[in-house]
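Heads up: the structure comes next, in structure tokens.
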Amino acid sequence: MYLKKIELKGFKSFPYKTTIEFNGGITSVVGPNGSGKSNISDAVRWVLGEQRMKSLRGEKLEDVIFGGTQEKKAMSYCEVALTIDNQDSIMDIDFSEVTVKRRAYKSGESQFYINNEQCRLRDIKELLLDTGIGKEGYSIIEQGKIDEILSSNSASRRRIFDEASGISKYRYKKDEAQRKLNKTSENLERIYDVFFEIEKQISPLEKQMKKAVKYKTLSKELKSLEVNSFINQVEKTRSRLSELFESEKKLIEQIDSIRAKKESDHEELEKLKKLCDEISHMHQKLQKEEYETMELLERKKSEIGILKEKESSILAGIIRNESEAESLEKSTEKSKADSEKIKEYINEYSKKIDELSEKRKSIEAHIKNHNETIEKAETEMEDLKDGILDIVDEKNKKLLKISSLEASVEAMRERKSAIEAEINEVGSEKDNKTEELGSIEAEVKSASDQLNEISSLRESLDNEKARHSEDIETIVKDINRINLDIKGNSSKLKIYESMERQLEGFNRGVKEVLKSGIAGVQDVVANILGVEKEYEIAIETALGGAIQNIITSDEYAAKKAIEYLKKNNFGRATFLPLNIFSKKSFKKPEFEKDEGILGVASDIVECSSEYVCIRDSLLGRVIIVKDMDCAIRTGRKTGHKYKIVTLDGQVLNPGGSLTGGALRKNSDGILSRGRIIQEISDMLQKLDGDLNSNITREAELKSKMDEKRIQIEQHEKSIKENEKSIMLLQNKAANAASGIKELDEKKARLEREQGSIQENISSIQAMREKLGEDIKVLETEIEKSQERLKELSSCSRDSATNTKEYEISLNEVVIEMTKLQSERSNSIREKERVDGEIEKYAMLIRQRKNESMSLQSGMEKIKYSTSQLREQVEKDNEMLGKMKTEISKLLSQKSEADVKKDAVEKAMNSYESEYMAQKEQQLNVRTKIQEAESKQENIFEKMLDIYMLTYEDALELKDENLNISQQEIKRLKASLREIGNVNLDSIDEYGKVKERHDFYKEQKQDLENAVENLTGIIKNMESSMVNEFKEKFESINERFKEVFCELFGGGSASLKLLDPADILQSDIEIVAKPPGKNLKNINLMSGGEKSLTAIAVIFAILLTRPTPFCILDEIEAALDDSNIYRFGEFLKRLSDRTQFIAITHRMGTMEVSDYIYGVTMEESGISNILTLKLEEVKDFEREEKIG
């Protein structure tokens, strides 16, 4: 069995479909950092079911899907497939080749396949069980897993050893069995709750069923008598109704005659009312028009006044505009004269400016000639200055070189003196180092003694911690026991509270009425009574079916509840109206005192004051006694007039009959339910107190353990610090010895340097003399250039003096020109301002003339409007006179109509009195009819309420020969009352509950058997796991010792179980001592030593229990070259039984490989696979080092 190939598509940096084929032996995967090598091992881990994205170097599932580059778009899904050769049928599947595939989408959906058939992750795990292949096994080992083996995380290390020892399949099956056991136990607990609840119901239901049968027999006999009685009453009532209907008919005829007369007068009255309304409406309309006309007249008069005022205002505006226009014309004439004067000044300024311009051009020509002469002299002077500067620069360079040589000589002399001092200092330092070495050796001895003392203290603290741990274990057991008790009692409490809420034990009719919310329904008898525990059986027996009687405020509330039960077919119930019972008085039984008599039942039972009448009615004639003997004595003394009940529920009935026998044990009645709920609540409160006490004690012990643990950690820290100090001191000693050797070498080196310095000083002095001669030649050239420079400077000064005189004349001309140009500009601006004013005045004159014309037009319009309004006012005055004449006519017509209306209303009042008298007679007859009909309806309702019969249905039961006796009816009703409350549904309910009881009994037995079987399976598996782990662990330990010695070239190592008593949960300690070192803690090893130790553990596992293939992801990265080659040789030896795929950078691993793949990233973000030869890999490694 081996890995044949990996196919990737869209996974991380592999967007294109990539197939990597593998053969037996060792295959190396190489490539530069960031090329995507480790993505191959991530792909294998992912396809085997890794769900933690952090293990795959991501945050969420979509991080493993190719995210895109600048050239290629992101992908929406990825998939990875592993093809495994199964020729040797190691996997339990009928295929010689198995392909495991996983596909994921950006939506978060993930799918698994085996040979292209969709499956669950669980199926893949079960297929690979016991092969060593899996995300938690040792078939994929990366640097992180190497660290886990030696880390303090014992759980990670333990998983690897479980897989290696072959018990992971047992652990998987055990966990499955444990889950099934837990689920079965939960189901069994639920079955217990239901079964015991049904068991409590079945016995009371059997009693109710027997009562229901007797009740139905008596009810049938009563129905026949009472229905025939109802039929006789109905026939009498119907005869009386026919007489009343005839009287009512005659009265209705008289009433109809009077009504016709009333209606005729009413029509006449309505006509008169309508006429009055029309006249009133016309009168109001004319009045409104009159008011509106007067209002309009006033408004028009007001408008005429306003128009007159506007006419006066417009006339004043015309006069004002004409005055302003005349003033503006005078200002315009003045501005035109000013403009002409300014124009003359401007012409004079322009003439003077032209003359000065000619003079300026002549002066500028003279200045230009002198400047050209100066420029030529200055150019020659600049050339000479540059030459002098170059010579001076050369001279300075040579002087600088001389200074540098002199400084070097001085430095060499100083260095020579320093070397002499340093040689003396080296000798002194060597003496100090020798003394320090002796001191360090003494400190090492002292630290070792202190380490032994701290180790002894730590062992003592470990013992104390173990004692606290045992105490905590005992407390935890108590807490678990209390929790079980709490759980059991809580379950019981829930059952009783559920029974209380759901009114268990009550008849259906009682339940439905209590749930209905009908006004006036208060409670049931069971809920109003408070009974001590010892009297519960006696009181419940005494009450019998009356315990379920419903208390109502009055008989009407009871009637509504009965109608509700009938309407919905919810059964029957008995009701106790408070308003009736509160009026009754009850005489308590009189009897001689007897030590066995406990009292009258009504005195023993407590209730609120409003329900005392109900309590006395039901229990006021019941005596409670201790036992049956006392009951018999009391019955004889009282003449068997009262009901006597014993504490255990035996009854001596009035008249002397006895009722008794065995009551079912653990049968909790309706009365006891509230007490039991309270008792369980109290018990839970006590258990909570015990639990809190134990939790507090556990917390205290844990606190002490934490203190001990902190002290142990402090001691461990001290041990580590001491071990570290010893190592540091040993390193110091080695460093001191090395320092002495270095000082000897340094002294010899200084002496050699001292000899070479003298030779360098002589050579520098010869170079200094040559540079001095070169400087003298350069100084002669500088003197010649300076003389020529003086001649040119004199010529340049003369030309500059002449140029200054011409420049002064030029400045005077320019100043004069500037002054004249300024004055001319001011005159031009002033002329522009005056011209602007002339245009402004012309525009204002035009505006005033236009406004005057507009005002003249407006005045004409106002005059026309005024004349129009005056004409309208005259017309409105004429119309107002006509309206007043019309209004006086309408008032006269309304007065005549009112007189006629009063006469008709008087006649109608006379008819109304006669009508009311006849109507009252008819109402009396109708009342009698309604009473008779109501009586008949009551009979119908009674038949319907009691027997669910209509009158027509009842006629079918009519029996002419039946002797109807009210005494017999009363006797039958009394017998039914004695039976008490009857649950007619109990006949059917008993059959159903019996069937459920038998079903749950069978289920309970099956689940108990299942729990027993699963417990046995788990114990057997644990036994097999212990034996197999022990055997394999010992084998791995032996192999580890051998591999460690071979990889390290000596030393010793072993694996230890820290808790041999609990092999399956014990932590595993790795003890390792490299050659020449006696380390007490594996954390004191170097990084390379830790990696090599972890690799030795992995190799030992592979030797003991090889996996078909193993992926190694840079696990040898921390090893040096010598260890790499030992690692490679061992890997080669293991490859005959295990196929290795090594992701690596190290040449030693590549050299032992049978096949090599290269991973490159020619296009940014996209990985490619290449097949390489070993020579190409070496070139690649060299290039990577250079880079």
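Each residue of the sequence shown is one higher than the one before, starting from 1 at the first, in full-length UniProt numbering.
Yeah, the Cβ is synthetic: ideal placement off N, Cα and C, and Gly gets one too.
This one's a predicted model, so the numbers in the text were calculated from it and none came from an experiment.
(message) If distances are taken between C-alpha atoms only, which option among Ala-932, Phe-195, Leu-251 and Asn-507 comes closest to residue 1202?
(response) The structure shown has nothing for residue 1202, since the chain only spans 1 to 1187.
(request) Can you grab the Cα-Cα spacing for the pair Ser-28 / Gly-1088, in whole Å? (result) Indexing the sequence shown from 1 puts residue 28 at position 28. Indexing the sequence shown from 1 puts residue 1088 at position 1088. Roughly 21 angstroms separates the two Cα atoms.
(message) Between which two residues does the beta strand (DSSP E) holding Leu-82 run?
(response) In the sequence shown, counting from the first residue as 1, residue 82 sits at position 82. Unbroken beta strand (DSSP E) run through Leu-82: 77-85.
(request) Output the distance between the C-alpha atoms of Lys-702 and Glu-50, rounded to the nearest integer angstrom. (result) Taking the first residue of the sequence shown as 1, we reach residue 702 at position 702. Taking the first residue of the sequence shown as 1, we reach residue 50 at position 50. So the two alpha carbons sit approximately 36 angstroms from each other.
(request) Can you grab the Cα-Cα spacing for the pair Glu-920 / Tyr-611, in whole Å? (result) Locating residue 920 in the sequence shown gives position 920, where the first residue counts as 1. Locating residue 611 in the sequence shown gives position 611, where the first residue counts as 1. If I take the Cα positions, the gap works out to 47 angstroms.
(message) My output table needs one value for Thr-332: the three-state DSSP class, helix, strand or coil.
(response) Looking up residue 332 in the sequence shown gives position 332. Thr-332 falls in the helix class under three-state DSSP.
(request) Could you tell me the distance, in whole angstroms, from the CA atom of Leu-944 to the CA atom of Gln-1005? (result) Translated into positions along the sequence shown, residue 944 becomes position 944. Translated into positions along the sequence shown, residue 1005 becomes position 1005. Cα-Cα distance, rounded: 50 angstroms.
(request) Go to Glu-1069, then tell me how far its beta strand (DSSP E) extends in each direction, as first and last residue. (result) Residue mapping note: residue 1069 aligns to position 1069 of the sequence shown, counting from 1. Glu-1069 -> beta strand (DSSP E) spans 1068-1073.
(message) Tell me the DSSP secondary structure of Leu-1103 in three-state form.
(response) Position 1103 of the sequence shown, counting from 1, holds the residue named residue 1103. The answer is helix: DSSP assigns Leu-1103 an H, G or I state.
(request) Count the CB pairs spanning the region 1008-1026 and the region 581-589 that are closer than 8 angstroms, and state whether there are at least three. (result) no
(request) Going by CA-CA distance only, name the one from Val-234, Met-883 and Leu-181 that's closest to Leu-955. (result) Position 955 of the sequence shown, counting from 1, holds the residue named residue 955. It is Val-234 whose Cα lies nearest to the Cα of Leu-955.
(request) Kindly list the residues whose CB is nearer than 8 angstroms to the CB of Ser-490, restricted to its own chain and excluding five residues on each side of it in sequence; keep chain order. (result) Position 490 of the sequence shown, counted from the start, is the residue given in the question as residue 490. Excluding residues within five positions, the ones whose Cβ falls inside 8 angstroms are Leu-684.
(request) Quick one: residues in its chain with C-beta nearer than 8 angstroms to the C-beta of residue 1188, no 5 flanking neighbours on either side, listed in chain order? (result) Summary: the structure shown does not reach residue 1188, with the chain confined to residues 1 through 1187, and so no result is reported for it.
(message) Is it buried or exposed, Pro-577, if we count other Cβ atoms within 10 angstroms and call 16 or more buried?
(response) Sequence index remark: in the sequence shown, residue 577 carries index 577 (1-based). Its Cβ being crowded by 16 or more others within 10 Å, Pro-577 is buried.
(request) Look at Lys-465 and Lys-717 and say whether their C-beta atoms are less than 8 angstroms apart. (result) Position 465 of the sequence shown holds residue 465. Position 717 of the sequence shown holds residue 717. No; because the gap between Cβ atoms is not below 8 angstroms, this pair is not in contact.
(request) Over the uninterrupted beta strand (DSSP E) stretch that includes Val-44, give me the two end residues. (result) Indexing the sequence shown from 1 puts residue 44 at position 44. Taken as a continuous stretch (DSSP letters only), Val-44 belongs to no beta strand (DSSP E), being part of the alpha helix (DSSP H) at 38-47.
(message) As a quick exercise: from Ser-96, Glu-163, Asn-39 and Leu-61, pick the residue whose alpha carbon is nearest that of Leu-1102.
(response) As a first step, residue 1102 is located in the sequence shown; it is residue number 1102 there, counting from the start. The candidate whose alpha carbon is nearest that of Leu-1102 is Glu-163.
(request) Decide if Met-705 is buried, meaning its Cβ has at least 16 other Cβ atoms within 10 Å, or exposed. (result) In the sequence shown, counting from the first residue as 1, residue 705 sits at position 705. By the 10 Å Cβ count, Met-705 comes out buried.
(message) Strictly by DSSP, which residues pair up with Asn-1168?
(response) Numbered from 1 along the sequence shown, position 1168 holds the residue referred to as residue 1168. According to DSSP, which records beta bridges pairwise, Asn-1168 is partnered with Thr-1160.
(message) Less than 8 angstroms between the C-beta atoms of residue 1188 and Lys-145, yes or no?
(response) Given a span of 1 to 1187 for the chain in the structure shown, any question on residue 1188 remains unanswerable.
(request) Let me know the secondary structure DSSP gives Val-993 once reduced to three states. (result) As a working mapping, residue 993 is identified with position 993 in the sequence shown. It is helical.
(message) Please report the distance separating the alpha-carbon of Leu-461 from that of Arg-749.
(response) Within the sequence shown, numbered from 1, the residue matching residue 461 stands at position 461. Within the sequence shown, numbered from 1, the residue matching residue 749 stands at position 749. About 58 angstroms.
(message) Could you check whether the region 1027-1041 touches the region 1053-1072, counting it as contact only if at least three pairs of C-beta atoms, one from each stretch, sit closer than 8 angstroms?
(response) yes
(request) Return yes when the C-beta of Lys-702 is under 7 angstroms from any heavy atom of the ligand SAM, and no when it is not. (result) Inclusion of the ligand SAM in the displayed structure is not the case, the ligand content being empty and no account of it being possible.
(request) Specify the secondary structure class of Ala-104 as computed by DSSP and reduced to three states. (result) Within the sequence shown, residue 104 is the residue found at index 104, counting from 1. Ala-104 falls in the strand class under three-state DSSP.
(request) With DSSP collapsed to three states, give me the class of Ala-601. (result) Here residue 601 refers to the residue found at position 601 of the sequence shown. Helix, per DSSP.
(request) Per DSSP, which residues does Gln-548 bridge with? Please list them. (result) As a first step, residue 548 must be located in the sequence shown, where it is residue number 548. According to DSSP, which records beta bridges pairwise, Gln-548 is partnered with nothing at all.
(request) May I ask you to report which of helix, strand or coil DSSP gives Cys-276? (result) Position 276 of the sequence shown holds residue 276. In the structure shown, Cys-276 sits in a helix (DSSP, three-state: H, G or I).
(message) One question on the structure: do Glu-290 and Leu-880 come within less than 8 angstroms of each other, judged by their Cβ atoms?
(response) One-based indexing of the sequence shown puts residue 290 at position 290. One-based indexing of the sequence shown puts residue 880 at position 880. Result yes, Cβ atoms of Glu-290 and Leu-880 sit closer than 8 angstroms.
(message) Tell me which residues share the same chain as Cys-1110 and place their Cβ nearer than 6 angstroms to its Cβ, disregarding the 5 neighbours each side in the sequence.
(response) Locating residue 1110 in the sequence shown gives position 1110, counting from the first residue. If we look at Cys-1110 and ignore the five residues flanking it on each side, its Cβ neighbours are Ser-139, Thr-1138 and Phe-1140.
(message) Contact defined as beta carbons within less than 8 angstroms: I believe Phe-66 pairs with Pro-15. What is the distance between those atoms, to the nearest angstrom?
(response) Here residue 66 corresponds to residue number 66 of the sequence shown, with the count starting at 1. Here residue 15 corresponds to residue number 15 of the sequence shown, with the count starting at 1. Contact flag correct, Cβ pair sits at about 4 angstroms.
(request) Determine the DSSP secondary structure at Gly-1187, reduced to helix, strand or coil. (result) Position 1187 of the sequence shown, counted from the start, is the residue given in the question as residue 1187. Unreliable positioning characterises Gly-1187 in this predicted model, as indicated by a pLDDT of 46, which lies under 50. The coordinate reading is nonetheless provided below. Here Gly-1187 sits in coil by DSSP.
(message) Please report the straight-line C-alpha distance between Arg-870 and Ile-304, rounded to a whole angstrom.
(response) Stepping through the sequence shown from its first residue, residue 870 is reached at position 870. Stepping through the sequence shown from its first residue, residue 304 is reached at position 304. Computed Cα separation, rounded: 8 angstroms.
(request) Give the secondary structure of Gly-530 by DSSP, where H, G and I count as helix, E and B as strand, and everything else as coil. (result) Within the sequence shown, numbered from 1, the residue matching residue 530 stands at position 530. Gly-530 falls in the strand class under three-state DSSP.
(message) If you reduce the DSSP assignment to three classes, tell me which class Tyr-951 lands in.
(response) Locating residue 951 in the sequence shown gives position 951, counting from the first residue. Of the three classes helix, strand and coil, the one that applies to Tyr-951 here is helix, per DSSP.
(message) With a threshold of 7 angstroms on Cβ separation, who are the neighbours of Ser-986 within its own chain once the five nearest residues in sequence on each side are excluded?
(response) For this step, residue 986 is matched to residue 986 along the sequence shown. For Ser-986, where only same-chain residues beyond five positions count, the Cβ hits under 7 angstroms are Leu-205, Gln-208, Met-209 and Ala-212.
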